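Engineer: Take 3 as the starting number for the sequence shown in this note's numbering and just add one per residue. Where is the CB? At the ideal position from N, CA and C, for every residue including glycine. Please read all numbers here as calculations on a predicted model, not as lab measurements. Please find one structure pasted underneath; my questions will follow.
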Amino acid sequence: MSRADTAGSEQLDISPAVHYDRVTDAWTLLLGNDLHYGVFEHDDETLPHATHRLTTLMAAAADFRSGDRFLDVGCGIGNSTQWAVESHGVVGVGITTSGRGVERARRLAAAADAGQVPTFEIRDGMCNGFPDESFDKVWALESSHLMRDRQALLRECGRVLRPGGRMALCDIILVEPISFPVVRSLRTELGLLNRVFGDARMETLDTYAQLAQSAGLEVDMRRDLSAEVRRTFSCWRTNATMHRDTVCRLIGNEAWQDFVDSCEILETLWDRGILGYGIFSAVKV
Ligand SMILES: C[S@@+](CC[C@H](N)C(=O)[O-])C[C@H]1O[C@@H](n2cnc3c(N)ncnc32)[C@H](O)[C@@H]1O
Numbered sequence: 003m004s005r006a007d008t009a010g011s012e013q014l015d016i017s018p019a020v021h022y023d024r025v026t027d028a029w030t031l032l033l034g035n036d037l038h039y040g041v042f043e044h045d046d047e048t049l050p051h052a053t054h055r056l057t058t059l060m061a062a063a064a065d066f067r068s069g070d071r072f073l074d075v076g077c078g079i080g081n082s083t084q085w086a087v088e089s090h091g092v093v094g095v096g097i098t099t100s101g102r103g104v105e106r107a108r109r110l111a112a113a114a115d116a117g118q119v120p121t122f123e124i125r126d127g128m129c130n131g132f133p134d135e136s137f138d139k140v141w142a143l144e145s146s147h148l149m150r151d152r153q154a155l156l157r158e159c160g161r162v163l164r165p166g167g168r169m170a171l172c173d174i175i176l177v178e179p180i181s182f183p184v185v186r187s188l189r190t191e192l193g194l195l196n197r198v199f200g201d202a203r204m205e206t207l208d209t210y211a212q213l214a215q216s217a218g219l220e221v222d223m224r225r226d227l228s229a230e231v232r233r234t235f236s237c238w239r240t241n242a243t244m245h246r247d248t249v250c251r252l253i254g255n256e257a258w259q260d261f262v263d264s265c266e267i268l269e270t271l272w273d274r275g276i277l278g279y280g281i282f283s284a285v286k287v
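And the structure:
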């Protein structure tokens with residue numbers, strides 16, 4: 003890390019809506035249109051190829067059928083929502099708390115040469131306001147770490163699903179529960195990660211499964227993808243170097259440097275077995 007303290011975090015609002023309004027344009031250069039990790043099967047794969055693989059794993063977990071009403075909770079700029087509509091014939095609705103995200107998602111959908119386009123709205127995944135049982139499929143693709151009340155997120159997903167409907171979730175996870183002393187020893191690193199990625203909290207896959215269960219969702223698949231996603235960080239670093247000038251113009255030099263430093267921190271936390279990546283699916287009973 004180039005900076006040893008968290009100075010600056012006081013001035014920065016890292017609440018997810020504000021954070022994503024600030025970073026979305028830069029993120030599309032650093033991460034690509036899929037604002038999520040890649041799942042790599044080969045060393046020479048590109049990041050877009052690998053991020054698309056994660057989307058397809060989520061689609062398999064959701065088990066899309068043509069005509070399904072599909073809710074994408076935390077939709078970024080809507081790339082995966084759009085793909086689900088085009089390739090599976092679902093009726094897609096993407097929600098996010100970021101106004102900039104909705105704006106970019108609507109623009110992307112308008113530019114797509116597709117008959118069916120998803121709709122995008124500003125709504126909170128922890129209190130989405132949709133009627134009960136109004137969707138066949140719901141997913142949260144790497145958005146749950148930004149929602150403080152995970153129980154509320156899963157309860158809302160369960161509430162809006164029809165009986166027999168499916169939910170899928172993937173995200174950064176805690177590989178094992180971590181003790182307070184470990185959290186304390188990592189406070190500088192975690193502070194920097196929060197500045198870069200927004201105010202985030204991680205859970206173990208076990209905790210997610212328990213929360214899903216108590217929301218009336220029966221988990222039928224779970225998988226640890228930590229090893230497969232690790233190459234994502236070196237790709238992000240490459241993108242950061244390639245787009246340095248534009249990203250610095252969009253979010254500032256300091257935030258660019260923080261992003262580069264965050265890649266190294268994440269690699270270390272991955273290699274120490276502290277953070278990882280998981281996916282699960284569940285059916286509404
Ligand atoms: C890492 S991005 C993932 C975006 C998208 N799923 C993708 O894979 O491209 C996290 C997304 O979650 C959204 N988000 C954060 N908190 C949210 C909340 N409480 N309700 C809905 N969306 C939220 C952010 O605005 C952002 O769009």
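How big is the Cα-Cα spacing for residue 137 and residue 267?
Structural biologist: Residue 137 and residue 267: Cα-Cα distance of roughly 38 Å.
Engineer: In three-state terms, what does DSSP make of residue 17?
Structural biologist: Residue 17 falls in the coil class under three-state DSSP.
Engineer: Taking the Cβ atom as the reference point for each residue, do residue 155 and residue 286 lie within a distance shorter than 8 Å?
Structural biologist: No.
Engineer: Cβ of residue 279 versus every heavy atom of ligand 1: is any distance shorter than 7 Å?
Structural biologist: False, no ligand heavy atom lies under 7 Å from that Cβ.
Engineer: Under DSSP, the beta strand (DSSP E) around residue 137 begins and ends at which residues?
Structural biologist: Here the beta strand (DSSP E) through residue 137 covers 137–143.
Engineer: Would a C-beta distance cut-off of 8 Å place residue 271 and residue 210 closer than the cut-off?
Structural biologist: Not a contact, by the Cβ cut-off of 8 Å.
Engineer: Hey, quick one: how far does the alpha helix (DSSP H) through residue 89 stretch, first residue to last?
Structural biologist: Element bounds for residue 89: 81–90.
Engineer: To the nearest angstrom, how far is it from the Cα of residue 230 to the Cα of residue 42?
Structural biologist: Cα to Cα, residue 230 sits roughly 5 Å from residue 42.
Engineer: Apply the 10 Å Cβ neighbour rule to residue 283 and answer buried if 16 or more other Cβ atoms are within range, or exposed otherwise.
Structural biologist: By the 10 Å Cβ count, residue 283 comes out buried.
Engineer: Identify, in the order they occur along the chain, each residue of the same chain with its Cβ nearer than 8 Å to the Cβ of residue 16, setting aside the five sequence neighbours on each side.
Structural biologist: Only 196, 197, 200 and 201 meet the Cβ criterion.
Engineer: Between which two residues does the alpha helix (DSSP H) carrying residue 113 extend?
Structural biologist: That run of the alpha helix (DSSP H) goes 101–113.
Engineer: If the criterion is Cβ atoms closer than 8 Å, does the pair residue 227 and residue 280 meet it?
Structural biologist: Taking 8 Å as the Cβ cut-off, residue 227 and residue 280 qualify as a contacting pair.
Engineer: Can you tell me the Cβ-Cβ gap for residue 205 and residue 152, rounded? I've got them flagged as a contact below 8 Å.
Structural biologist: That pair is a contact at about 6 Å.
Engineer: So, under 8 Å CB-CB, residue 76 and residue 127 are touching, yes? Tell me the CB distance rounded to an integer number of Å.
Structural biologist: Contact holds; Cβ gap of about 6 Å.
Engineer: If you drop the 5 nearest sequence neighbours on each side, which residues of the same chain put their C-beta closer than 6 Å to that of residue 22?
Structural biologist: Contacts found: 100 and 103.
Engineer: On a Cα-Cα basis, can you pick out the residue from 51, 98 and 74 that is closest to residue 19?
Structural biologist: When each option's Cα is compared against that of residue 19, the closest is 98.
Engineer: Straight-line CA distance for residue 74 to residue 182?
Structural biologist: Cα to Cα, the separation comes out at about 33 Å.
Engineer: Who are the near neighbours of residue 258 in its chain, counting only those whose CB is closer than 7 Å to its CB and skipping five residues on each side?
Structural biologist: For residue 258, where only same-chain residues beyond five positions count, the Cβ hits under 7 Å are 242, 246, 249 and 250.
Engineer: Could you tell me how far apart the beta carbons of residue 87 and residue 94 are, in whole angstroms, since I believe they sit closer than 8 Å?
Structural biologist: Rounded, the Cβ-Cβ distance is 4 Å, consistent with contact.
Engineer: Taking C-alpha atoms, which residue in 222, 48, 105 and 59 lies nearest to residue 167?
Structural biologist: Of 222, 48, 105 and 59, the residue nearest in Cα terms is 222.
Engineer: State the DSSP-derived secondary structure class of residue 280, mapped to helix, strand or coil.
Structural biologist: Looking at residue 280 - three-state DSSP - the assignment turns out to be strand.
Engineer: Can you tell me where the alpha helix (DSSP H) with residue 61 in it begins and where it stops?
Structural biologist: Segment 49–64, the alpha helix (DSSP H) holding residue 61.
Engineer: Just grab the DSSP bridge partners of residue 170 for me.
Structural biologist: Its beta-bridge partners are 141 and 283.
Engineer: For a test of the three-state rule: what should DSSP assign to residue 42, helix, strand or coil?
Structural biologist: Three-state DSSP puts residue 42 in coil, outside helix and strand.
Engineer: Considering only heavy atoms of ligand 1, does any lie closer than 7 Å to the CB of residue 196?
Structural biologist: Checking every heavy atom of ligand 1 against the Cβ of residue 196, none is found closer than 7 Å.
Engineer: Residue 218: which of 260, 237, 263 and 160 sits nearest, CA to CA?
Structural biologist: Residue 160 is the option with its Cα nearest to residue 218.
Engineer: Report the residue ranges of all alpha helix (DSSP H) runs contained in full by the region 196–269; include only those spanning at least 4 residues, in chain order.
Structural biologist: Counting whole runs of 4 or more residues, the region 196–269 contains the alpha helix (DSSP H) stretches 207–216, 228–231, 234–244 and 246–253.
Engineer: Just to confirm before moving on: does the CB-CB distance between residue 82 and residue 27 stay below 8 Å?
Structural biologist: No; because the gap between Cβ atoms is not below 8 Å, this pair is not in contact.
Engineer: Starting from residue 155 and walking both ways along the alpha helix (DSSP H), at which residues does that stretch end?
Structural biologist: From DSSP, the alpha helix (DSSP H) with residue 155 extends over 152–162.
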